[in-house]
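> When the letters of the sequence shown are read in order and numbered with this note's numbering, they come out as residues -18 to 129.
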Amino acid sequence: MMKMKTAFLLLLLLLVLSGCGNEVNITPNTKESKIIIDEERSLINFYVLLENENRHKVGPLYAKFIIYDETLQAALGSEVIDFTYEDGKKQPFSIDGRKSYFISESFLYDAELDNEELINMVEVVISDENEMEILQFLIPNIEKYEAP
-18 MMKMKTAFLL LLLLLVLSGC GNEVNITPNT KESKIIIDEE RSLINFYVLL ENENRHKVGP
42 LYAKFIIYDE TLQAALGSEV IDFTYEDGKK QPFSIDGRKS YFISESFLYD AELDNEELIN
102 MVEVVISDEN EMEILQFLIP NIEKYEAP
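1. Quick check on DSSP: helix, strand or coil for T65?
2. List the endpoints of the continuous alpha helix (DSSP H) containing N96.
3. Helix, strand or coil for G2? Go by DSSP, reduced to three states.
4. In the structure shown, what three-state DSSP assignment does T52 receive?
5. Just to confirm the assignment: which complete beta strand (DSSP E) runs, minimum length 3, are found wholly within the segment 101 to 129?
6. Should S81 be labelled buried (16 or more other beta-carbon atoms within 10 Å of its own) or exposed?
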């Protein structure tokens, strides 16, 4: 009887530990994530750095940018922009265990953009292959690119 209880407890412990091991734990690096504005070439770049804190590879993942600033929405022609290949198909990505991955998307724009007004006005949403959102965060940093 004691062996059965011990075996049951070990099996239960194994199930609990294995269930926790597959949790996706991706965090944004908000110090490095930024919006870069190049006024000379009329380019805006969303630069996002993600970190996988798991030991195992995570993916496929998908990213999109939700734009809350109306001037930027009008300049880019959309409120939501998916991270895509050049042909417009959503671009999946994976992040190896204990590694980082950066996403960079550049767009031409035609507007007067105020750096201060863009702070926290672009949200990054990371989803899994089932379109389940696993991470959301605002881009807090704005940087102006100055040609040398």
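Built from N, CA and C at the ideal position, the CB exists for glycine as well.
Quick answer:
1. Taking the first residue of the sequence shown as 1, we reach residue 65 at position 84. Strand.
2. The residue labelled residue 96 in the question sits at position 115 within the sequence shown. Residues 96 to 99.
3. Here the question's residue 2 lines up with position 21 in the sequence shown. With a pLDDT of 49 at G2, under the threshold of 50, the predicted position of this residue should be treated as unreliable, though the coordinate-derived value follows. In this structure, G2 counts as helix in the three-state DSSP scheme.
4. Counting from one through the sequence shown, the residue named residue 52 turns up at place 71. If DSSP states are grouped into helix, strand and coil, T52 belongs with the helices.
5. Look at the segment 101 to 129 and you find these whole runs of beta strand (DSSP E), each 3 residues long or longer: 103 to 109, 114 to 119, 122 to 125.
6. Indexing the sequence shown from 1 puts residue 81 at position 100. The residue in question, S81, is exposed, as its Cβ has fewer than 16 Cβ neighbours within 10 Å.
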